[in-house]
Structure formats: C-alpha cells, structure tokens
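Chains as they are written, first to last, in this note's numbering: chain A, 59 to 350; chain B, 10 to 541; chain C, 53 to 391.
Note that the Cβ used here is the ideal one computed from N, Cα and C, for glycine as well.
Values in this document were obtained by computation on a predicted structure and should not be read as measured data.
Written below as structure tokens is the structure these notes are about.
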Amino acid sequence: MTSSTFSSTPVFDWRDRANKVGFVLRRNPLVLIGVVITIIWVLATLFAYQIAPFDPSVQNINDRLQAPSQTHPWGTDELGRDIFSRVLHGGRITIVAGIAVIVFGSLLGSLIGSISGFLGGNWDELMMRFTELFLAFPTIILAMAITAALGPDLRNAVLALVIVWWPSYARLMRGLVISAKTNQYVDAVESLGATRPYILFRTIVPNCLSPMLVLTTLDIGNAILTFAGLSFLGLGAEPTTAEWGRMVAVGIDFFDQWWMWLFPGLAIATLVMALNFIGDGLRDIFDPRTRK
Amino acid sequence: MSVFSRPRRALTLVLVLLTTLALSLAAVRAQDEKVLVIGAAEFLDSMDPARSYSPTGIITLNATYDTLVTFPPDTADSFVPRLAASWEASEDGLTYTFTLREGVLFSDGSPLTASDVVFSFNRFKNIKGNPSFLAATVESVEAPDDATVVITLNASDPAILAKLAAWPFSVVNPEVVTANGGTDAADADTTDTADAWFSTASAGSGPYILESYEKESQVVLVRNTNYWGTAPYFDRVILQNIPESAAQKVALEAGDIDIALDITPDQIEAIDAIDGLSVYTTGSFTLHYLAMNRNAEFGGPLADPKVEAAVRAAIDYEGFRQLAGPGAVTPAAMLPVGMFGAYGTDKAPVRDLDAAKALLAEAGYPDGFETTLEYPTYTQEGLNIETLAQKLKSDLAEAGITVNLVPGDIGTFIEKVRAGESGFFLVWWQPDYLDPDNYLYFLPGRNGGTRAGWLEADAEASLLELRDKALTETNPEERVKLFAEVQDYWIANGPYAPYLQGSIQVGHNDNIVGVFRHPQWLIDVAGLSRVE
Amino acid sequence: MPLHLYIVRRFLFAIPLIIGITLVAFIIANAVPSDPVSANLPEKSQNDPEIVAAFRREWGLDKSLPEQYVTYLGNVLQGNLGRSIKTKRPVIDDIRQFLPATFELATTSIITGLVLGVGMGIISAVWRGKLVDYVTRTVALLGVSFPVFVLALLGLSILHAQLGLAAGPGRLDVRITKPAAVTGLYIIDSVIAGRADILANALSHLILPSLVLGVYTSGLISRITRSSMLEVLGAEYVRTARSKGLSERVVIMRHAFSNALIPVVTVIGLSFGNLLSGAVLTETIFSWPGIGRYAFQASTSQDFPAIMGISMLIAIIYVGVNFVVDILYFFLDPRIRLA
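Shown next, in the form of structure tokens:
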C-alpha cells in the first residue's frame, strides 16, 4: 500500500479489506455462522409483531405451563402466555438496550478519551485516573449499585450500563489519538493553520474510527450479556414485560418446566455467541499479525 | 533432611488417621439422633415472642414456648388446656381466672409459676412491639398465688381466649430473660434489649429449645429434656431456609428435607407421582387482597369508592382459583371462608367487566386511568405474589385501568404499608388469632383501615357504632348478625378487594406421620413422627 | 529494582485508587433521588428523631458535601460501612459472614478456570491450525459468550437433577451441620475439625458452581494463553532451545511457558473481577450464601448501605488482587527486576 506524506486518505482501503474479508471467511467459517444467526435474530425481532403468533402479554390461565406443542411451539409460561412470542418481543428490548449501551458508551468514552489523549499532560493524567476508577468496579456490581440508587427500570439499567461501559472506550480512544498525534499529516494540517478542535475532530478522530468500530461490534455481545444479567436480577424493565434475562429468572421457579428458561436462555446464548464469532473474525481482519 | 524423621512422620500420619477415624465415628454416632428437616422460605423478624410477627417465628415459637390455652391439634373451634389446667370467666366477661397446671418446668429446670406468667404478659404489653395490639384489652395481670393467674380486661373481649392461644402470649423464663436485657417495666419499649438474645436461645417451657438461628440459613431446635408434656418424637428439628419452591421440591426428592412447606399447586402432580412422597392439601385462611388508599394524595383515582367497586368487579376470580390450587376459594368479603361468622362461597363476587366499566365511567374515568400497584416479591404458601400481581394487571387492563407493577422486597414493602403511604397495594392477611374479631382490623380507626387511608374522622357514625359493637359483643348469635352487617358494608363500600383464599400444599416424605396444617401454628413440629 | 521498593511503589499506586473508589461510591450514594435518611434507615427508625439525629451526626449530613466525604472516608477506614436496613446489623458484620463462602468458591473457580483455560490455550497453540485448535477455540468462545446464569441452570438441570452427578444448591447438604468456624472456608474448617464427611460434602457442593464459573473464566484465559504462547513459540530464544536439541516438551514447559505466563497473569486479575460479577448470578442460582447473593438481595431490597458497602468492598478486593498480580509480575518478568 502506498503512502504519501500528504496523503489524507484514511487507513482504510476498501479493496484490501474486501480481500481480507474473503480470506478470513474462508479461514474462519464461524464468522459466517455468526453473521447468519445475527441476521436471523435481528429480522425475527424486528418483525416480531408480524411473526409472533400471539400477543406476548395475553394471559390464559387455562393454558398455563404447557409443554411445547403445535399451538405453542415453545410452550407457555406460568400465566399461559406464549413463550415463542415473548422471546421474539423480548429480543427487541434486549437488542435495542445492548445497542444503546454501546452507542452511548462509545460516544461518551470516545469524547473523553480523545480529548484526554489530545490534551496530554496533567489533564490527561487526571482524566485517565478518573477512568480507571470506574474500571476498578466489576461490571455487574457497579451496574447494580447505580440501578439500585436510581431505581430499577429499563432506562436506569441502560444508563447504569453506559456509565459502566464508557471507560474502556475512553482508554482505547486515548491510545489511538496519542499514536495518531504523531502522524505527519497532523503536522501538515497544523502548519496550514487549522484550529485545535479541527485537528482533533476532523483529522485525528476519523483515523481512529476503524479500530473503534471493531471494538464496538465486538462489544455488543458483551453488552447484551450484561444487560440480560441485570434483567435476570430483576433490575430491568417492569415485571410483565417480556425480557430475556427476566424470563430466565422466572423460569428458575419452574425448573421442571424447562421450556420456560431454556428458550430465552438459548436466545441470549446464541445471539451473543454469534456476535462474538463475528467479533473474532473482525479482529482477525484488523490484526496485523494475520498479515502473513 | 526433614525435621521429622521417618518413624516420626509415620507416627504422625497414623495419629492423624486415627483421629479422623474417631471423629468420623463420633459423627456417625451423633447421626443416630432423630432429625426432622423442614424446608420453608424463611421470613423471620424476631424470635422474641413479644416482638415476633412472622410465619417462621410462629412455627418456632409454638415449639419452644407455651401459652395458657391452645386449640385442639386439628380444629380451631374450641380451647384446650396448655399451661392452664382450667379457667373461668366472670359474669361481666371482664375477669378471667386461670389455674395453672402443676409440675411445669422451664427448659433450664426451674419451675414455672404464676408470677412468670405475669412477667411475660406485662413485658409483652409494655414492649409495644408489632403484636402488642393483641394485649390492648388487657388491663392487668395478677398472680394471687403460685398457681393462679387473674387477667382483668378493660373492655369485653369476645376473642380473648383466641388471643391468649397466640404466640405473643407465650410464657418466658423471667430470670433468663432479665439476665439478657429483658424487662417487664412500663418503659420496656425503650429499656428492653433482649431481642437480639432471643435469636440465640429460647427461654420457654415448650417441647423444644432453640439451639441456633443462622439468619436466612436455618433454625435448629433440639429436644427440651425438661418438658412437662408428652415427649416429642424428634430429637432435633431443622427449619431450613429454601426460598424457592422448585428448590424445595428438589430437596424433597433428594431426601435432603422431610417436609416442604411451600409447594406450589403446579408441583402437586409431579410430587405425588414420586414413590415415597405425597402432598397434603387443604384450604388456607390466608386472605389475599388489594387495598386502595382512601387518601387521594396516595390513592389518586382509587380513593373513590366507585372506582374501588369497579376494581372488585374487574377481577377474574375463577382464574385466580385455578392459579391457586385445589384448596382455593373466593371469599365474599374481608373474612375468610370457614371463619366463625363468615359468609360462604355462595356470596363470593363474580367478574363483571361491563359493570366495572360502567362504574368507572360514573366515577369520571370513561377511558380508565393509570396507576401503580406495589407488592412484595415473595412466595406465600406456594403462591408467587408476582404472578398474582401480573394477573391482576391483566384483569384490570381489560376494564381500562393500566397498572404499573412496582415490586419490592418484603421487609421494605411492609414498612411502607405500615406507614400508610402506599396508594394501591397487594398483600395478604393471615389471622393473628382465630376469631373474626381479628378482621375488624379492616375498619376505620383500626390499623388495617388506617393503612388504606380509611380514617375514623371520615367514617359514618353508624359504621363506627357497628364496629364498636362487634368488638365487644360476646353472645355468638348476636356476633353472627353483627359480622354479617360488617361484611355487607365491606362488599358495598370498603377500600378492599379480597380476591383469593389460598390453597395449602405441604409436600412430605410418606414416612412422616402427623402432617397437618393448623391455621394457628401452621405446623406443629412436636406432633410429627416418623414411621421407621 | 529490589523487591521491597517495588512493593512499596505498587502499594502507593493502589492507595489513590482505593480512595478514588470510595469517592465514586460516595458520589453514587448521593445520586440517590431520595434523601439519605429515607434511603439508609429502616422506616420505623425514620420516625424516631433521636435515631435520625444520631444518624445525621454519624455521617456528617449537616455539613458541606466535601466535609461529608471526609466523614464518610473516616468511617469507612474504621470499618463502619453503615448499617444494613434489612439485616439491621453493621454491613461489615454481614460481609464478614458471607465473604468466606465467596472466597472459597472464587478460589476453586479460578483454579478450575486456570486448569481448563491454560490447558486449552496451550493445546490450541501447540497444535495450531489443526482441528484441535479450532475445537478448543470454539469451546473457549462458547465459554465467553454463554450467559453464566444459563450455564448454571443447564448444569443444575443436567448434572444434578438428571444425572445426579453433582450435589445441589447450597454449600452443604441440609442434614450436615457446618464445621466449627475457624476461617469460614468449609474445606479448611472441616479438615481442622477432622470431619472427612463434611469435607466430602462441601467439595461435592463446590463442584457444580466452580465448574460453571470455571468454564466461564476459562474462555478468556484460554484465548490469552493461546495468543501469548504463539508469540513466544515463534520467538528467538525458543528457536535457540530447539536448535540445541532439547525435547519439545522441555522447550514448551521450561522456556516458552513461563514467559507466556505474563499476560496470563494479567488476565487472571481481570478474570477475578469477572468472577466476582459472575458470582452474583451464580450464587443466586446455587443459593450460595456469599457476598454475591448478598449484593443481589441488597439491591433488590434497596438496602442502600449494604449495596454501597458491598460495591466498595468488591472494588477494593479487585484492586487488591491486581496488586498481587503486580507482585507476581516481579517474579515473572525479568525486565521489572532489572528496571
């Protein structure tokens, strides 16, 4: 790949990447599986209203705790609600919550991290110590504390997770900005009289986007997992709402009625696994070591 | 070269092995004692009979302490002697004289005399703990001699014997209790510090002694060798805290526990099918109800009696019976079916969605309204309260009322309810004593009324008169008439919606004999035995 | 640099971190919408003006926020983490009761995770590119992606309920009385008490939760082990060792391994944090009376003092573990010794 001193092309050559994608897909078939499963879940939950045979909140005492059957392919729960429909609808909440956490977390983290890395010196030290503080708390514990403080509901759960999540992005962004700072085109733009914000936000940051993108995609799976954990603990949305983590929690009380906890549990597992497969593959694409 | 030469090392090894062997044998020997293990969800606030007000407390206290009188083992319609061999009431119903049985010893071997009864009852009254309202009608307690106790009431109390049969009127050992911070002085509510000690030991005369209590883990009772009555079968009884019914079933199947108290109706079939296990079912006096706050600040739209009536009309009572199991019934009012003077199931409400919507429209909510319902996350007698709440939400939604469920931990929930600040809450009532008098609690001027914002100041004079009459009338026929009136009032105009009387399922090993659910003490561990 | 200097340096780094943790906890505690009295005192006590006054004095609520923090910090350093609303006793006492159970579980889980993770990592690194590599990498990926609570449920359902291979929830069978408390760790206490039956029972109850948590942590450990082993195996000194004619086994175990360990040790530190989080969910499912379950019950009952106390404690433990990890580096990484 050629590089010129005044090249303003970002480190992102499509042809090269496309070749790599093909290469990786061949070497790592898991990525394909991951993509397929993710697409299935996204489509299924997106069209939940159309696909689901029942309204997820309709109760039917006569039909409670039914094993999987023709009418209820994944069985019914303790109030006679159709589990298949609830898993489809529950996925909407879980997926959207996971994405929201990543989006806001990465935005917040990138902002703080890029400013910190750019400014350097004492500001940088201060902001990094502050970031490390949050990293010191194990994820669920901190999320639990915040949700308990604010009151358990969906919005607060997402907020708590955003607060838990931004530090790792901040650190990453800071690292990227620091190494990008030394690039020659930065000097060039500076010598042309650009203001500092311009340099930071229009020159440096766009170049850091690709690794950030990789990390965020890798992380959606984790965010969904943690969110499911929180709702398992009852810290997510309101009790009647279909939510994967919560459905598993209720299912524990009905351990013998395995369909109540197995299906939502597998939903979480397969989606997160699929996302992690993709993430793994993405890492291979961007990992310099696989350039052999 | 090691400090321990080879012969010494071998010797040490042999010694260790022998010690282990000996100790294991000792352990095996210890297991010869007859142990009963009961699995139940623990809810225990205190082991002090003067303060305790919780199911786990009831079971434990019944085994470790005695009351003056009690009920027969399998009914609740008459009284039999316990500490008192006989008793009589004065003509005016204000004085009760009890003659104590002879030869009763406390667990530490000291004799139980009338002055001990006086101490216990005074302490109970003066501590002003949660159950202290039971002593409200007691003016004074005296011991003219060692074997006689005279209780003087300040007003006629038709339920006094039923109250005396309840655990707060347990007789404690004054020496032991005072040695550990207890007192019966008038300022006992601030000076008595024995509460914590009661969680470590018992000071009673019952068939068992409290050996240990590990919070949220287990309660261990051991045989009281100084017990005056028939020695119970089991040497040791363990009340194991197993919060989840599913876990209780697993433990029962595995033989980890002999009895599971919180089996759900859905588990009956599966347990019965297992060899060696069975399920005992019966109806419960537990009354599940909704309370709506008459204070508009907390209750909002629910402060309007028409809205309250609409709520009552919107509930799917039959569905709840299905959910609750074979022994479940629908009560007519805030008096459980089966209690003296209570209406039967013929007067139970039936769902009428049209009437509900009409009432809402009349009250000014033709399109319904939104509100929050608070409830504790708890499983009561095998019924998951959250499941009940979810069904209520669905039922009310069909009438146009949108309910947001707000679960809470039972401890914090009860505190909030007691403060009267909950606008709409779902809870249940287990009788404190087996007399309909207990349910007059749900009238203005009594705690149940206050907690629903139903205040004396706002109530009609006729209702208050009815209440006062019902509180003092002792003639049984008159009482039936009075309670009928009270129930009618509740049905027409009360801030409550009783929707279910639960079913009891007790899973147990077939070799356990004597499994019975008594409404007063839930389960009498001293009455159980095992067929070997 | 000499060991003691290094320890002092790492310690000095840890201190501001711990203080910072208390600061974060303090900020969160003050983010509660309701006022501190209603958040921290049981409802009954709130009506008693004497108790409220005593509480305000104890936590300096009448002073300015920074002064409150200082009071707060002072209390924490003395071990006063407040009084649990639910259990009505000092949070520190609750923690003392429940910590040993979690410590025991965490230790056995880390060991399981290490054995599984490092084992898988080495296998997939040494036989890189072969089928074994793909299989172990997929298993590792599964370990990381599978929600720990679902894993716990599956384990309980299959290994306990169906196959009867592992004991059920709780630390001991119901009939077995626990050993006299010396450390609170049943394994050690039962040995001290000489009760082989209690030891066997405690171990049988540890199997399932340790396996679940171990599998959960092994995923990450195995991936790091693999990549670090790969780096090291391709390194100069390994080629030198091979060319000297040493057997492959010696090459791997003696030369590659200890250097590959360095990032693994980091990951152990990270995993410990994960373990503590995962413990919340796992302890709840297995009715394990540890601080994870205590934290969960505290948060659902809005037992604020308990939540804050536990969060702080766990964070501090985490810092402590990383401190130990840093010390281990000293022995593993010659570059530090020579710095």
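Below 8 Å CB to CB, which residues in the same chain sit around residue i once its five sequence neighbours on both sides are set aside?
i	result
E407/B	A323 and L362
R247/C	P231
G454/B	L464, E465, A468, L473 and R476
L193/A	P225, S226 and R229
P210/A	G292, L293 and G294
A238/A	V244, I262, N265 and C266
Could you have a look at residue i and say whether DSSP puts it in helix, strand or coil?
i	result
L382/B	strand
D154/B	strand
G66/B	helix
A450/B	According to the sequence shown, residue 450/B is Tyr rather than Ala. Y450/B falls in the helix class under three-state DSSP.
M56/B	coil
A248/C	helix
R38/B	At R38/B, the pLDDT of 44 sits below 50, so the modelled position is not reliable; the number obtained from the coordinates is stated separately. R38/B falls in the helix class under three-state DSSP.
R135/C	strand
L286/B	strand
F198/C	coil
E541/B	coil
R122/A	coil
A31/B	With a pLDDT of only 49 at A31/B, under 50, the local geometry of the prediction cannot be trusted, and no value is derived from it.
L293/A	coil
Over what stretch of residues does the alpha helix (DSSP H) that includes residue i continue unbroken?
i	result
H56/C	L55 to A83
Q514/B	Run containing Q514/B: none in the alpha helix (DSSP H); it sits in the beta strand (DSSP E), Y505 to N518.
I174/C	V143 to V178
V346/B	Looking at the DSSP string, V346/B is not in any alpha helix (DSSP H), and its letter there is neither H nor E.
Q120/C	L117 to L129
I218/B	Run containing I218/B: none in the alpha helix (DSSP H); it sits in the beta strand (DSSP E), Y217 to E223.
A49/B	Premise fails: A49/B lies in the beta strand (DSSP E), V44 to A49, not in any alpha helix (DSSP H).
Near residue i, what residues of its chain come up, given a Cβ to Cβ distance below 7 Å and the 5 sequence neighbours on each side ignored?
i	result
F112/A	D140 and S143
D166/B	T146
P153/B	V159
D146/C	S136, T139, Y346 and A358
D305/B	Going by the sequence as given, residue 305/B is Ala instead of Asp. If we look at A305/B and ignore the five residues flanking it on each side, its Cβ neighbours are A312.
L251/C	I239, S242 and V243
Less than 6 Å between C-beta atoms, sequence neighbours within five positions excluded: which residues of the same chain meet that for residue i?
i	result
A255/B	none
E283/C	none
E156/C	L237
N413/B	T381
D225/C	N253
V231/B	I218, E220 and R245
Taking the beta strand (DSSP E) that residue i belongs to, which residues open and close that run?
i	result
L248/B	R245 to N250
R526/B	Per DSSP, R526/B belongs to no beta strand (DSSP E) and is neither H nor E.
G233/A	Careful: G233/A lies outside any beta strand (DSSP E), inside the alpha helix (DSSP H) at L212 to K239.
Any beta-carbon of chain D closer than 8 Å to the one on residue i?
i	result
T205/A	Checking the listed chains, one finds no chain D in this structure; the protein chains it contains are A, B and C.
Curious, which full-length beta strand (DSSP E) runs of at least 3 residues does the segment 150-206 of chain A contain? List check, beta strand (DSSP E) in window: nothing returned.
If you pair each beta-carbon of the segment 201-219 of chain A with each one of the segment 261-274 of chain A, do three or more pairs fall below 8 Å? Contact between the segment 201-219 of chain A and the segment 261-274 of chain A is absent: fewer than three C-beta pairs spanning the two stretches fall below 8 Å.
Are the segment 192-207 of chain C and the segment 316-329 of chain A in contact at 8 Å, needing three or more beta carbon pairs? yes
Contained alpha helix (DSSP H) runs [length at least 4] in the segment 381-464 of chain B, N- to C-terminal order: 394-406, 419-427 and 456-460
Any chance you could list the beta strand (DSSP E) runs of at least 3 consecutive residues sitting entirely within the segment 79-147 of chain B, in chain order? 93-98 and 104-109
With three or more beta-carbon pairs closer than 8 Å as the criterion, would you say the segment 268-284 of chain C touches the segment 171-189 of chain C? yes
Restricting to runs no shorter than 4 residues, where is the alpha helix (DSSP H) found entirely within the segment 295-365 of chain B? 305-308, 314-323 and 326-333
Evaluate contact between the segment 375-384 of chain C and the segment 311-329 of chain C, counting only Cβ atoms and requiring at least three cross-stretch pairs below 8 Å. yes
If we count Cβ pairs, one from each stretch, closer than 8 Å, do we get three or more for the segment 172-179 of chain B versus the segment 201-211 of chain B? no
The segment 268-282 of chain A / the segment 218-236 of chain B touching (three or more Cβ pairs under 8 Å): no
So does the segment 86-93 of chain B actually touch the segment 105-118 of chain B, counting three or more Cβ pairs closer than 8 Å? Enough Cβ pairs lie closer than 8 Å, so yes.
Inter-stretch contact at 8 Å, needing at least 3 Cβ pairs: the segment 268-277 of chain B / the segment 512-530 of chain B: By the Cβ criterion, the segment 268-277 of chain B is in contact with the segment 512-530 of chain B, since at least three pairs of Cβ atoms, one from each stretch, lie closer than 8 Å.
May I ask you to verify whether the segment 238-258 of chain A touches the segment 104-123 of chain A, counting CB pairs closer than 8 Å and requiring at least 3? Under the three-pair Cβ rule at 8 Å, the segment 238-258 of chain A does not count as touching the segment 104-123 of chain A.
Suppose only complete runs of 4+ residues qualify. What are the alpha helix (DSSP H) ranges in the segment 255-323 of chain C, listed by chain order? For the segment 255-323 of chain C, whole alpha helix (DSSP H) runs of length 4 or above, ordered along the chain, are 288-295.
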